[in-house]
Amino acid sequence: MKKNKYLFLQLKRTMKIYPSVLVITLITLCSIVLTAGVILNKEAQREDKQKMRVGLVGDVSDSYLGLGVYALKNMDSSRFTIDFLKLEEQEARQMLKDRELTGIVQVPDNFIESVSHGDNVPADYITLNAPESFGTVVTAEITQTVSSLITCSQNAMDCMFSVAKMSGENKGLRKYIDELTLLYADRILNREAVFNITNVGVLDYVSVGGYYICGILMFLLLLWGISCNKILIKKNYGMSKVLCSRGIKSGSQIFFEYLGYLIITVATFLVFAIIFGVVIQNDDFGIAELQGADVFSCIGFIIKVIPAVAMIAAMQMMLYELATGTVNAILLQFLTAVVLGYISGCFYPNTFFPEVMQKTASVLPTGVGLAFMRKAITSNSVTKELIISLVYTVIFLAASVLIREYKMAGDEK
Amino acid sequence: MRKIKRLLMWYYMFSKRLFKRYSFIVILLTIPLMIPVAKSVMSEDSGMVTVALFAEDSNDETAARIIKNLTEEESVIRYRVFDTEEAAALAVKKADVDAAWIFPGGIREKIEAFAQGQSKKPFIDVIEQEETVSLKLAREKLYGAMYSYIAFDTLKYYSYMRFTTPTQLPERTLEQMYINTDKYDDIINIKRLDSDEEITLNRNFLAIPIRGLLSLVIMLCTMSAAMYYIRDCADGKFDWLSPKKRLAPAFGSCLAACVASSLAVFAALFFAGIFENPGREILSMTLYMIAATGFSLVLCELFSSAGKLGAAIPFFMIVMIVLCPIFFNLNILSPIQHMLPPYYYLLSLYNDKYIIYMIYYCAGVYVLAYILSLLMANSKRRMTD
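Below you can see the structure in the form of structure tokens.
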């Protein structure tokens, strides 16, 4: 009877704080959706959504270079991945600052002449004055490859000179240079011809878009623990001891507090599901898993992943028991969210990580939760993840009870 | 002078309160201690694309050399060598790898035939789940790894067609001549905008967000301290102070958490090996601390309850993750980007202009906090009147 009353009081206390938390969380969500909308809209306006755009500035008046630029834009296989734009320097710099370009290739005066004389005046690949991003790292690697293609061809040209001289050909070498240059241009432009590509299709596998939906959901769930700090932070254990003396032991206290927190967590994510369901009815963002989805399927997904939500909620509960004080508790929640979220693949697909990290992530609560969500979104069996989630939930709750017992005993001393 | 003394006194008192809790010290120490572990794990084989490699003829020298070149080069592509074609194909189907490249037996002859224009038949089998931009770019690397053979075979073909014969100039001699002419440096230098200095980009893409995420730890600590202060105010701990003078304890509270977390982050940056010029690091970090404290002071004035600020913290965190150059470098919602201290801090390390902007930002944010504190004090006085 007392326990039921405590549960009722817990729910009443939680519900008193919940509306303001929910309103602020919804503002958060709307801001995220709006930001995502702005980004996606900006991207959608570009026809070549996946292409990297590189500016080309400087002296391209040389007929060879002009031909090279033409080939890059119209004949080369890279035209499907990188868009080279011939621009004025100021315009290119402004576009780079506006992040409309990944980088700028600045061709120095008489570039081709210097290359053909074997006296390389290097071109500059210019990136933004900012921390590196994926784009800059990838394009830098590609420029290195391009650089090695050119230097290998130059070596061959030089060698051809020596062979020509050895065979007594000292005049009219320009003709041979032109011929060999055209041969190399042909080999480079036809490089895709050496690959026999077979696409085996996407089997039992979540698309990148679907993957990121699960990642964002997991990260939101992890940060949700910070939003609920007022509900979960304990200033002291005086009330807990009083409750203990009235027969509501720490196990029951933790369980009822957890139940209250779990109910509002699930309720909040159901609200998210409704909003998301309405949004994706108009636009599925090209994500395979969202095609044909509606509000009900989003609600169904959240209901399916309740065990994973329950596991993360229990982990957050344990962390709040572990850290005392507002700053400590929030800091611990955030560090846990960032570290576990990062390792488990909320920010980058987990296949990017070293194998040891992938294996570690697969046994972490966030990794199990993400796998649960990924399998739920692709309608695969989640039995293994369900069992692990339940085991984790029990472990976290048991740890919370032990920590509370310990802290209550510490308070008495 | 007295005002500064008072601010420092508040700072000292709030620092003492924070450090009284051992868990705070433990959590702060965890930040730099985590970094070496993370660094050693991240230095292991990782990649944004994973490719399975298999050579049909394990004794083929050319295939072995291409595989060696690919696997030994530092790259955003990760390679795994497989013993059978079936295993490589299965790894693609199971999504363990993104693609498989199968090198045929006698690849040298096939490269030669391609280079001499005798065969247009593809000879490298590529198995993929689906075609993506990353995989197309990865193939550029593969072609790059084969190109020295292609370049030589083209040269051989042309030399024998135009100038000489294999008896006059044996292939081995020609090959030696080609190897000996390897004299050219890179033809492309990488530089940053507004700088003539050649740079080497950080290829460990997994480490790219570390600095940004660490900078958010400082913001989070400072905002949590703002919550502390709001809760103290609600508990009446500063009732003895005139509302106009409450900016001093708010400053002390936020700065105490900010300095403590900054020291931990500073140590973490050092251990992570992403410490740039020390003078620049100290200057940027000092300004960032001032900016983060100012930002939190504004929040202290805007939020009436600690619970509401606590609920809004994830909002601020997500906005900062998306709009500051941590994972992405986007130019969207620029007015909001310019409201966020990490935006200035992260760019200030690469661009002098942002040091100046951060000074302006600090001045602006403190003036705003002061004006807001006066407005709040006036509105409270009117309410009590």
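Sequences listed follow chains G and Z, in order. The first sequence runs 7 to 419 under our numbering. The second sequence runs -17 to 367 under our numbering. Backbone N, C-alpha and C fix where the C-beta goes; we use that ideal spot for every residue, glycine too. Every value quoted in this text rests on a predicted model; they were computed, and no experiment measured them.
Best match in the options for proximity to residue i [C-alpha to C-alpha]
i: S361(Z); options: R193(Z), R213(Z) and K226(Z); result: K226(Z)
i: N386(G); options: Y243(G), F307(G) and M323(G); result: F307(G)
i: P104(Z); options: L119(Z), Q111(Z) and Y125(Z); result: Y125(Z)
i: S406(G); options: F278(G), F262(G), V311(G) and T372(G); result: F262(G)
i: L202(Z); options: N171(Z), D178(Z) and A238(Z); result: A238(Z)
i: R59(G); options: L32(G), T20(G), Y131(G) and F14(G); result: Y131(G)
i: F309(Z); options: E68(Z), P14(Z) and V301(Z); result: V301(Z)
i: N10(G); options: I194(G), T366(G) and S258(G); result: S258(G)
i: I428(G); options: L356(Z), E110(Z), M271(Z) and P231(Z); result: Nothing in the structure corresponds to residue 428(G), since chain G is present only between 7 and 419.
i: L324(G); options: T399(G), I394(G), T357(G) and V388(G); result: According to the sequence displayed, residue 324(G) carries Met and not Leu. Nearest of T399(G), I394(G), T357(G) and V388(G) to M324(G), Cα basis: T399(G).
i: F64(Z); options: K76(Z), V58(Z), L35(Z) and V79(Z); result: L35(Z)
i: D3(G); options: N242(G), T330(G) and G64(G); result: Residue 3(G) is absent from the structure shown; chain G starts at 7 and stops at 419.
i: V206(G); options: A70(Z), F277(Z) and S286(Z); result: A70(Z)
i: A345(Z); options: A208(Z), N259(Z), L269(Z) and M30(Z); result: L269(Z)
i: N196(G); options: Y129(Z), T149(Z), P324(Z) and R(-16)(Z); result: Y129(Z)
i: I272(Z); options: E113(Z), S316(Z), E54(Z) and V349(Z); result: V349(Z)
i: N242(G); options: G331(G), T20(G), Y264(G) and S159(G); result: G331(G)
i: L312(Z); options: T32(Z), P231(Z), I338(Z) and L329(Z); result: L329(Z)
i: P355(G); options: S28(Z), S177(Z) and R(-16)(Z); result: S28(Z)
i: S153(G); options: D107(Z), A120(Z), S101(Z) and N171(Z); result: N171(Z)
i: E1(G); options: K102(Z), T66(Z), C306(Z) and I338(Z); result: Past the boundaries of the shown model lies residue 1(G); chain G is included only from 7 to 419, so the question cannot be answered.
i: M(-9)(Z); options: L117(Z), A230(Z) and A216(Z); result: A230(Z)
Where the beta strand (DSSP E) containing residue i begins and where it ends
i: T370(Z); result: The question about residue 370(Z) has no answer here: the residues shown for chain Z are numbered -17 through 367.
i: N205(G); result: F201 to N205
i: G109(G); result: G109 to V113
i: V212(G); result: It is not in any beta strand (DSSP E) - V212(G) carries neither H nor E in the DSSP assignment.
i: M58(G); result: M58 to G64
i: I59(Z); result: I59 to V63
i: F307(G); result: No beta strand (DSSP E) contains F307(G), which is instead part of the alpha helix (DSSP H) from V301 to K310.
i: E379(Z); result: This structure cannot speak to residue 379(Z), because chain Z is shown only from -17 to 367.
i: S35(Z); result: Ser is not the amino acid found at residue 35(Z); the sequence shown has Leu there. That run of the beta strand (DSSP E) goes V31 to A37.
i: L331(Z); result: L331(Z) -> no beta strand (DSSP E), and no H or E assigned at all.
i: K92(G); result: I88 to K92
i: A216(Z); result: Unbroken run through A216(Z) is the alpha helix (DSSP H), I192 to A216; no beta strand (DSSP E).
i: I388(Z); result: The requested residue 388(Z) does not occur in the structure, where chain Z is confined to residues -17 to 367.
Limits of the unbroken alpha helix (DSSP H) element including residue i
i: R(-16)(Z); result: R(-16) to F1
i: L376(G); result: P371 to I383
i: R47(Z); result: E43 to E54
i: V284(G); result: S256 to N288
i: R174(Z); result: Careful: R174(Z) lies outside any alpha helix (DSSP H), inside the beta strand (DSSP E) at I170 to R174.
i: F340(G); result: T332 to S350
i: E157(Z); result: E153 to N162
i: F359(G); result: No alpha helix (DSSP H) holds F359(G); DSSP gives it neither H nor E.
Chain A within 8 Å of residue i, Cβ atoms only
i: L137(Z); result: Any reference to chain A falls outside this structure, whose protein chains are G and Z.
The ligand NAD heavy atom lying under 7 Å from the CB of residue i
i: M224(G); result: Looking for the ligand NAD in the displayed structure turns up nothing, as the structure carries no ligands at all.
The segment 259 to 274 of chain Z: which residues have C-beta closer than 8 Å to a C-beta of chain G, in chain order?
Legend: CB atoms of the segment 259 to 274 of chain Z lying less than 8 Å from CB atoms of chain G are not found in any residue.
Under 8 Å: do the segment 7 to 16 of chain Z and the segment 96 to 104 of chain Z share three or more Cβ pairs, one atom per stretch?
no
Could you list the residues in the segment 191 to 212 of chain Z with a C-beta less than 9 Å from some C-beta on chain G, going in chain order?
P191, R193, G194, L195, L198, V199, L202, C203, M205, S206, A207, M209 and Y210
Does the contact criterion of 3 or more C-beta pairs under 8 Å hold for the segment 102 to 111 of chain G versus the segment 141 to 155 of chain Z?
no
Give the list of continuous alpha helix (DSSP H) stretches no shorter than 4 residues that lie fully inside the segment 242 to 322 of chain Z.
260 to 284, 288 to 305 and 316 to 319
Indicate whether the contact test is met: 3 or more Cβ pairs, each with one atom in the segment 215 to 226 of chain G and one in the segment 375 to 383 of chain G, closer than 8 Å.
yes
Could you give the uninterrupted runs of the alpha helix (DSSP H) lying entirely in the segment 128 to 198 of chain G, keeping only those of 4 residues or more?
140 to 172 and 179 to 195
Between the segment 157 to 164 of chain G and the segment 126 to 138 of chain Z, are three or more C-beta pairs nearer than 8 Å?
Yes, they touch.
How about the segment 267 to 286 of chain G and the segment 304 to 320 of chain G: do they share at least three Cβ pairs that are nearer than 8 Å?
yes
The segment 146 to 158 of chain G: positions lying closer than 9 Å to chain Z by Cβ:
A146, E147, I148, T149, Q150, T151, V152, S153, S154, L155, I156, T157 and C158
Determine which residues of the segment 145 to 161 of chain Z have a Cβ less than 8 Å from any Cβ of chain G, and write them out in chain order.
F145, T146, Q150, L151, L156, M159 and Y160
With a cut-off of 8 Å, do at least 3 Cβ pairs link the segment 176 to 195 of chain G to the segment 279 to 293 of chain G?
Not touching, per the Cβ criterion.
Hey, is the segment 360 to 368 of chain G in contact with the segment 333 to 345 of chain G, meaning 3+ C-beta pairs nearer than 8 Å?
no
Mind listing which residues of the segment 86 to 117 of chain Z have their C-beta closer than 7 Å to chain G's C-betas, in chain order?
F96, A97, K102, P104, F105, I106, D107, V108, I109, E110, Q111, E112, E113 and V115
So if I threshold CB-CB distances at 8 Å, which residues from the segment 343 to 362 of chain G count as touching chain Z?
Along the segment 343 to 362 of chain G, the positions whose C-beta sits under 8 Å from a C-beta of chain Z are V344, V345, Y348, F353, Y354, T357, F358, F359, P360, E361 and V362, read in chain order.
Using a Cβ-Cβ cutoff of 9 Å, what residues of the segment 273 to 289 of chain G are near chain Z? List them in chain order.
Listed by position, the residues of the segment 273 to 289 of chain G near chain Z (Cβ gap below 9 Å) amount to none.
Going along the segment 192 to 204 of chain G in order, which residues come within less than 7 Å of chain Z, judged by CB to CB distance?
R193, R197, A199, V200, F201, N202, I203 and T204
Could you tell me whether the segment 202 to 219 of chain Z touches the segment 282 to 294 of chain Z, where touching means 3 or more Cβ pairs closer than 8 Å?
yes
Three or more beta-carbon pairs under 8 Å between the segment 75 to 90 of chain Z and the segment 173 to 187 of chain G, yes or no?
no
Note down, in chain order, all residues in the segment 11 to 23 of chain G with a beta-carbon under 9 Å from any beta-carbon belonging to chain Z.
I23
Short-range partners of chain G found in the segment 54 to 78 of chain Z, where Cβ spacing is below 7 Å
S57, V58, V74, K75 and A77
Does the pairing of the segment -10 to -1 of chain Z with the segment 345 to 352 of chain G give three or more beta-carbon distances under 8 Å?
As far as the Cβ criterion goes, the segment -10 to -1 of chain Z does not touch the segment 345 to 352 of chain G, which means the pair count is below three.
Three-pair Cβ contact test at 8 Å for the segment 141 to 148 of chain Z versus the segment 240 to 255 of chain G:
no
Of all the residues that make up the segment 296 to 312 of chain Z, which are near chain G by a beta-carbon distance shorter than 7 Å?
P296, F297, M299, I300, V301, V304, P307, F309, F310, N311 and L312
Counting only runs that start and end within the segment 226 to 251 of chain G, where is the alpha helix (DSSP H) found for 4 or more residues in a row?
Within the segment 226 to 251 of chain G, the complete alpha helix (DSSP H) runs of at least 4 residues are 235 to 238 and 244 to 251.
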